[in-house]
Amino acid sequence: MIVQKFGGVAMKDKQTRKICIGHIKSGLENHQNVVVVVSAIGRGDDPYSTDRLLRLTDAFIYSKAASDLAASCGELIASAILSAELEEAGVPNRILHGIQAGIWTSGDFGDGTISDVDPTMIVDSLQESGCVIIPGFQGINEFGQVMTIGRGGSDLSAIALGGALRASHVEFFKDVPGVMTSDPRFGANAKKLDEMSIHQLLPLLETNHPVIQKRAAIYAMQKAIPLYVRGIASNEKGTWILP
Ligand SMILES: Nc1ncnc2c1ncn2[C@@H]1O[C@H](COP(=O)(O)OP(=O)(O)O)[C@@H](O)[C@H]1O
Ligand SMILES: N[C@@H](CC(=O)OP(=O)(O)O)C(=O)O
């Protein structure tokens, strides 16, 4: 089995989600079981993006718990939409969230830490349907409250699930063809790397907009989980990041 993670850009609209569904179908053909981790749709001012949800009221400064609950809805909405569009494309699937997904968190609202992953319900669901969708960026604390796990945290959700499920690897679908020598937005000379170690990746994550969340990469290094970063829009080979 593999874990596939689709971020806000991949989930942007029905056209891009059609491409995601093509990748999920290929994942199912090649690996039988696919756990799909999704982020909230779009970026910035897009209606259901994380930034937009966090701006729903300035009163969120008085309740981090309420702010986290609102932010977590972006990934829930994205999961529901992708689930329906997968069914439309003939791919049966299940969504698990909250306590069902077994991602336990601790620490501060807005920046929770994954303390444990209990994949029991995911494993059970995979027996019924090879495709299980998990909303990224969130977990449940010991009091049953929803917590988010830091911006870009769906990468961490995907990697933590990959570790707990012993996935052969975790795939990330990005708006770049793979990990490049530098952020291609800031220079045309950036070259795609075919393979690297997680250790070699870490310095490239010291930026405001890293290709993978740094905390997620460190988790993958500690748990020795192989990662594959590839472009959404093509079948061009991406970048293998090996532990
Ligand atoms: N070394 C790098 N190689 C490729 N992309 C990079 C690199 N450093 C930063 N990036 C940025 O990472 C972005 C992709 O990550 P991100 O937007 O977080 O994906 P997601 O949609 O999954 O959240 C690219 O658009 C690019 O600007
Ligand atoms: N939606 C959350 C979590 C996330 O990981 O998003 P993305 O995969 O689109 O970077 C955020 O914006 O921080």
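Each residue of the sequence shown is one higher than the one before, starting from 1 at the first, in full-length UniProt numbering.
A virtual CB, placed ideally from N, CA and C, is assigned to each residue, including glycine.
Item to check | Any heavy atom of ligand 2 within less than 6 Å of residue CB: hits in chain order | outcome: G7, G8, S39, A40, T50, G74, G136, F137, R151, G152, G153, S154 and D155
Checklist entry - Any chance the CB of R230 is under 7 Å from a heavy atom of ligand 1? => result no
Checklist entry - Under the criterion of a Cβ to heavy atom distance below 7 Å, does F172 qualify as lining ligand 1? => result yes
Next on the checklist: Please state whether the Cβ-Cβ distance between T239 and V170 is less than 8 Å.
Outcome noted: Result no, Cβ atoms of T239 and V170 do not sit closer than 8 Å.
Checklist entry - Beta carbon of T207: closer than 7 Å to some heavy atom of ligand 1? => result yes
Next on the checklist: So, at 6 Å on beta carbons, what are the nonlocal neighbours of V211 in its own chain, with the 5 sequence-adjacent residues on each side left out?
Outcome noted: Once the five neighbours on either side are set aside, the close Cβ partners of V211 are V179.
Next on the checklist: Once DSSP output is grouped into helix, strand and coil, what is the label at Q138?
Outcome noted: strand
Checklist entry - Under 8 Å, do L156 and I114 count as touching if we go by C-beta distance? => result Taking 8 Å as the cut-off, the Cβ atoms of L156 and I114 count as close.
Next on the checklist: Let me check you understand the geometry: is the CB of L76 closer than 7 Å to at least one non-hydrogen atom of ligand 3?
Outcome noted: With respect to ligand 3, the structure shown offers nothing to examine, as its ligands consist of ligand 1 and ligand 2.
Checklist entry - For V229, which of A10, G187, V176 and K223 has the nearest alpha-carbon? => result V176
Item to check | CA nearest to the CA of R94, picked from G42, I103, E75 and A80 | outcome: A80
Checklist entry - For ligand 1, any of its heavy atoms closer than 7 Å to the Cβ of V211? => result yes
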